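Asker:
Protein chains: 2
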Amino acid sequence: MAVRLVESLAKGLEILHVFSANPTGLRLPEVTKLTGLPKATAYRFLQTLVSENYLHFFPAAGTFRLGPKVMSLGFGALLSLDIAELAQPYLEELSRRIHQNVNLGTLDGVEVVYLVRIKVRSILGINLTVGSRISACNSAIGKAVLAYLGPEQLQLIIDEISLDPAVAEKIGRNGKLLRQQLAVIRKQGYAVNDGETVPGLASVAAPVRNAKGLVEAAINVPVFTELCSLKTLVEVHLPLLLEIARTISQLRGYQESEERERQAGL
Amino acid sequence: MAVRLVESLAKGLEILHVFSANPTGLRLPEVTKLTGLPKATAYRFLQTLVSENYLHFFPAAGTFRLGPKVMSLGFGALLSLDIAELAQPYLEELSRRIHQNVNLGTLDGVEVVYLVRIKVRSILGINLTVGSRISACNSAIGKAVLAYLGPEQLQLIIDEISLDPAVAEKIGRNGKLLRQQLAVIRKQGYAVNDGETVPGLASVAAPVRNAKGLVEAAINVPVFTELCSLKTLVEVHLPLLLEIARTISQLRGYQESEERERQAGL
DNA sequence: GCAGTAGGTTTCACTAAGCGAAACGCTGTC
DNA sequence: GACAGCGTTTCGCTTAGTGAAACCTACTGC
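Residue numbers (the working numbering), protein chains in the order written: chain S, 46 to 311; chain G, 46 to 311.
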């Protein structure tokens, strides 16, 4: 708790951060302005970062830019871990904090396939394991992913699942009802399933994005409404779920700022 | 020159680097072993990195992993700059160091299109500008890119350029001669053009890779052999060209280690 | 041609930031 | 119940880091 932190390191990282926001390069005075550090100090840090290849110096323009080593930092982890490996420890953490099951699933065809399942000790059990598949439009995870598909992809899925008359009725003519639900999900940023699949079983799900901004999976928290009210689920557990989903997205290379641009573009 | 560097920053970055090589997480004793730092010191650095969100701590397992902020560092620059913007300052630097023209080009269909051109003041001029196009199989840049295409893509290009009888003769039946040349280029890692396009004009080119390991462009140094011998070009300028190509590749997210894997796989 | 400005680089004396050996406490193991 | 291994904290020492100031270039404008 009361650990003396290494301020020099924090300062140096702040400088790196400033450069990532200014990829076209910065000169010394700009760095001093942006960080508030005295000239000599900023200079020393810049020299250090250059000597370690985290920055590159261009003598002609007198500017510094991010160096090659910065890239190798993040990419090492990103490329070598798939989303399940990456998310696993974060889901475990979430599960321990809220004392609920947590799952990560992705869309495969018209079904949701579970890639990670974190179980808490409990009398009541749900018979789902990693690899289990369920209909996409019946689960919170499924809807959280569907909500961010492109219109053509969504159409394909709606066409296929509409072949089943029962489903066709549920999602409306040409999926009209489903599309309305998905619009709500996009607006609020999460999906809710209140007993649709199994009575008494509710669930909230949040999308996980990748570097391109595409939703590649979703994580959810299912609860028995007898044990945990929908109100508790949404008010207490959902914020943590969203936070973890955000962290995992960032680790996959997703940049927050894009979201605004995309929304502005719509 | 004789600047006092900030050692704490260097140490901290080294720790981050160790984590990027071990994305599944490390515990304190492992970090002390890998970095050689005393326990208390490593502990303080880890705490600092966690508090700045460059690492994430998982209490359950007692492990640390790269945190979300590490990703945002590199991706900010990567996503916002296209390859021309990214490479420009490095090519300028190279040009100033070797006092020669430097170009960056990429493949568009069966032609090379120039995206960046750095010119040195000189009496002799070459009439190429950004956006100029020349036949791929006639230029060092073109061959440097062709050499790393997949077999089907290469076949398509050979089919198309073989329509011109003059070219067909030059590259051999079904591009046999060209394929032999490309094999040599892959082996040595660079392409040479000695007067093929214009007599008296020689050029060396090196490929630039992206995060997926694909060659997305190439950079070259053209010279008049009257002014700069092929020997000088290859022995003096080529090493610098290769170094810059490597740096640009890394900035695009290319990881050196992959190269070995790929070579091993062949 | 010279004063003036702005950036890059170096100096230097001060001091607190960082160091790391050692001690402490917790947990699990044999 | 002794031991081992890890995480965490303490504490006095000292060196690494600090930042004001001076110094050196360029440029720029007059």
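Each residue gets a CB set at the ideal place from its N, CA and C atoms; glycine is no exception. All figures in this text were calculated on a predicted structure; none of them were measured in a lab.
Compare the Cα-Cα distances from K257 of chain G to each of G:E241, G:G298, G:L287 and report the closest residue.
Answerer: Looking at the Cα atoms, G:G298 is the closest of the given residues.
Asker: Which first and last residues belong to the alpha helix (DSSP H) in which P284 of chain G is found?
Answerer: 283-296
Asker: Pairs of beta-carbons, one from the region 98-116 of chain S and one from the region 144-164 of chain G, closer than 8 Å: are there three or more?
Answerer: no
Asker: Leaving out the 5 sequence neighbours to the left and right, which residues in its chain are closer than 7 Å to N255 of chain G when beta-carbon positions are compared?
Answerer: E261, R297, G298, Y299
Asker: Rounded to a whole number of angstroms, what is the C-alpha to C-alpha distance between L259 of chain S and R166 of chain G?
Answerer: L259 of chain S and R166 of chain G have their C-alpha atoms roughly 47 Å apart.
Asker: Kindly identify the DSSP beta-bridge partner or partners of T108 of chain S.
Answerer: S:F103
Asker: Taking T242 of chain S as the query, report the chain G residues whose CB atoms sit under 7 Å from its CB, ordered along the chain.
Answerer: Those do not exist, as T242 of chain S stays about 30 Å from chain G at its closest Cβ, beyond 7 Å.
Asker: Closest by CA to L111 of chain G, which one among S:R110, S:T77, S:F120?
Answerer: S:F120
Asker: Check whether the Cβ atoms of A250 of chain G and G240 of chain G lie closer than 8 Å to each other.
Answerer: no
Asker: Could you tell me how far apart the beta carbons of V253 of chain S and I143 of chain S are, in whole angstroms, since I believe they sit closer than 8 Å?
Answerer: Not confirmed; about 18 Å, so no contact.
Asker: Starting from S184 of chain S, trace the alpha helix (DSSP H) both ways and give me its first and last residue.
Answerer: No alpha helix (DSSP H) holds S184 of chain S; DSSP gives it neither H nor E.
Asker: Check whether the Cβ atoms of V268 of chain G and L278 of chain G sit closer than 8 Å, and answer yes or no.
Answerer: yes
Asker: Residues in the same chain with beta-carbon distance under 6 Å from V115 of chain G, minus the five sequence neighbours each way, listed in chain order, please.
Answerer: Y99
Asker: For T77 of chain G, which residues of its own chain have a beta-carbon under 6 Å away from its beta-carbon, when the five flanking residues on both sides are left out?
Answerer: K84, A87
Asker: Please say whether I163 of chain S and L131 of chain S have beta carbons closer to each other than 8 Å?
Answerer: no
Asker: Would you list, in chain order, the members of the region 128-153 of chain G that have their beta-carbon closer than 7 Å to a beta-carbon of chain S?
Answerer: P134, E137, E138, R141
Asker: Is V175 of chain S closer than 8 Å to Q133 of chain S when the C-beta atoms are compared?
Answerer: When the beta-carbon positions are compared, Q133 of chain S and V175 of chain S stay at least 8 Å from each other.
Asker: Use the C-beta contact count for E274 of chain G: other C-beta atoms within 10 angstroms, 16 or more gives buried, fewer gives exposed.
Answerer: According to the sequence displayed, residue 274 of chain G carries Ser and not Glu. Classification of S274 of chain G: exposed, given that the 10 Å Cβ count is below 16.
Asker: Our contact map puts T242 of chain G next to S177 of chain G with C-beta atoms below 8 Å; I'd like the distance itself, whole angstroms only.
Answerer: In fact, because the Cβ distance is near 12 Å, the residues do not count as touching under 8 Å.
Asker: Run through chain S and tell me which residues come within less than 9 Å of F103 of chain G, C-beta to C-beta.
Answerer: P134, Y135, E137, E138
Asker: Answer yes or no: does any C-beta atom of chain G fall closer than 8 Å to that of A193 of chain S?
Answerer: In the sequence under discussion, the amino acid at residue 193 of chain S is Tyr, which differs from the Ala named in the question. For Y193 of chain S, the closest Cβ of chain G is not nearer than 8 Å.
Asker: So which residues on chain S does T270 of chain G lean against when the C-beta distance must stay under 9 Å?
Answerer: Under the 9 Å cutoff, chain S gives no residues; its nearest Cβ is about 28 Å from T270 of chain G.
Asker: What is the C-beta distance between P68 of chain S and A122 of chain G, in whole angstroms, given that I count them as a contact (C-beta under 8 Å)?
Answerer: 4 Å
Asker: Could you tell me whether the Cβ of T93 of chain S comes closer than 8 Å to any Cβ of chain G?
Answerer: yes
Asker: In chain S, what lies closer than 9 Å to L296 of chain G by C-beta?
Answerer: For L296 of chain G, the chain S residues whose C-beta falls within less than 9 Å of its own C-beta are H101, R110, L111, G112, P113, V115, M116, listed in chain order.
Asker: By Cβ distance below 7 Å, which residues in the same chain neighbour A263 of chain S in space, the five residues on each side in sequence not counted?
Answerer: If the five residues before and after A263 of chain S are omitted, its C-beta is found closer than 7 Å to the C-beta atoms of G150, I186, A189, V190, A250, A251, P252, V253, all from its own chain and listed in chain order.
Asker: Taking the alpha helix (DSSP H) that A213 of chain G falls in, what are its first and last residues?
Answerer: Under the DSSP assignment, A213 of chain G falls in the alpha helix (DSSP H) whose first and last residues are 210-216.
Asker: Within the continuous alpha helix (DSSP H) that includes G150 of chain S, where are the two ends?
Answerer: Element bounds for G150 of chain S: not the alpha helix (DSSP H) but the beta strand (DSSP E), 147-153.
Asker: Please tell me whether L50 of chain G and S53 of chain S are closer than 8 Å, where the distance is taken between their beta carbons.
Answerer: no
Asker: Under 8 Å between the Cβ atoms of A192 of chain S and L222 of chain S?
Answerer: no
Asker: What residues of chain S sit near P74 of chain G, judged by a beta carbon separation below 9 Å?
Answerer: The premise fails here: P74 of chain G is roughly 18 Å from chain S at the closest Cβ pair, so nothing lies under 9 Å.
Asker: What did DSSP end up calling R166 of chain S once you bin it into helix, strand or coil?
Answerer: coil
Asker: Does DSSP put N219 of chain S in a helix, in a strand, or in coil?
Answerer: helix
Asker: Given this structure, state the Cα-to-Cα distance separating S61 of chain S from A129 of chain S, to the nearest angstrom.
Answerer: Checking the displayed sequence, the identity of residue 61 of chain S turns out to be Leu instead of Ser. In a straight line, the C-alpha of L61 of chain S is about 29 Å away from that of A129 of chain S.
Asker: Run through the DSSP bridge pairs and tell me what L71 of chain S is partnered with.
Answerer: S:F109
Asker: If we define contact as Cβ-Cβ less than 8 Å, is R162 of chain S a contact residue for chain G?
Answerer: So, not an interface residue.
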